[in-house]
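J.: Pasting in a structure now, in structure tokens, and then I'll have a few things to ask.
Residue numbers (this note's numbering): 3 to 133.
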């Protein structure tokens, strides 16, 4: 819990995770409830976990997207802040999908952070609302 002390010492308001592939401790998540923003490479709740692009590709989905959400104790199940999607073009490989997805991840994550900083977001029964 050294990280918690470090963040507390710096009066951290919120945390952004991008490509952070580790599970946070329950204490850490509780301490920063609705203050940890994550980006996930799928339109949640579809394809949770670390291989979302591969799963979507193998399922032959035609629309793929990304989700920015608040982190909770349950992996990739936090309240959704923002999403974005793109159409999979015929003949695309997994590499094409990942490249397009990563560009979209950056845009959606920025949108979620802007919403967090400029709007009053409230989580009610697991749904993010602007109040």
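Every residue gets a Cβ at the ideal spot worked out from N, C-alpha and C, and that includes glycine.
Since residue 115 is in the beta strand (DSSP E), which residue starts that stretch and which ends it?
T.: Numbered from its first residue, the chain shown carries residue 115 at position 113. Where residue 115 is concerned, there is no enclosing beta strand (DSSP E), although the alpha helix (DSSP H) it sits in stretches over 96 to 120.
J.: Who pairs with residue 123 in a beta bridge, going by DSSP?
T.: Taking the first residue of the chain shown as position 1, residue 123 is located at position 121. 132, per the DSSP bridge assignment.
J.: Quick check for students: name the residue ranges of the beta strand (DSSP E) that lie wholly in the region 8 to 80, counting only runs of 3 or more.
T.: You should have 17 to 19, 38 to 42, 65 to 72.
J.: Kindly give me the distance between the Cβ atoms of residue 74 and residue 31, rounded to whole angstroms, as I take these residues to be in contact under 8 Å.
T.: One-based indexing of the chain shown puts residue 74 at position 72. One-based indexing of the chain shown puts residue 31 at position 29. Going by Cβ atoms, the distance from residue 74 to residue 31 rounds to 6 Å, so yes, they are a contact pair.
J.: Measuring alpha carbon to alpha carbon, tell me which of 133, 132, 113, 89 ends up nearest residue 59.
T.: What you label residue 59 is simply residue 57 of the chain shown in a count that begins at 1. Nearest C-alpha to residue 59: 89.
J.: Do residue 68 and residue 107 have their CB atoms nearer than 8 Å?
T.: Residue numbering aside, residue 68 sits at position 66 when the chain shown is read from its first letter. Residue numbering aside, residue 107 sits at position 105 when the chain shown is read from its first letter. Yes; because the gap between Cβ atoms is below 8 Å, this pair is in contact.
J.: Going by C-alpha to C-alpha distance, which of 43, 111, 61 sits closest to residue 136?
T.: For the chain, the structure presents residues 3 to 133; residue 136 sits outside this window and is missing.
J.: Would you mind working out which of 4, 5, 3, 42 sits nearest residue 19, comparing C-alpha positions?
T.: Taking the first residue of the chain shown as position 1, residue 19 is located at position 17. Ranked by how close their Cα comes to the Cα of residue 19, the residues 4, 5, 3, 42 have 42 in first place.
J.: Per the DSSP calculation, residue 93 is bridged to which residue(s)?
T.: Counting from 1 along the chain shown, the entry for residue 93 is found at position 91. According to DSSP, residue 93 bridges with nothing at all.
J.: Just tell me which of 70, 64, 104, 87 has its CA closest to the CA of residue 94.
T.: Residue numbering aside, residue 94 sits at position 92 when the chain shown is read from its first letter. Among 70, 64, 104, 87, the Cα nearest to that of residue 94 is on 64.
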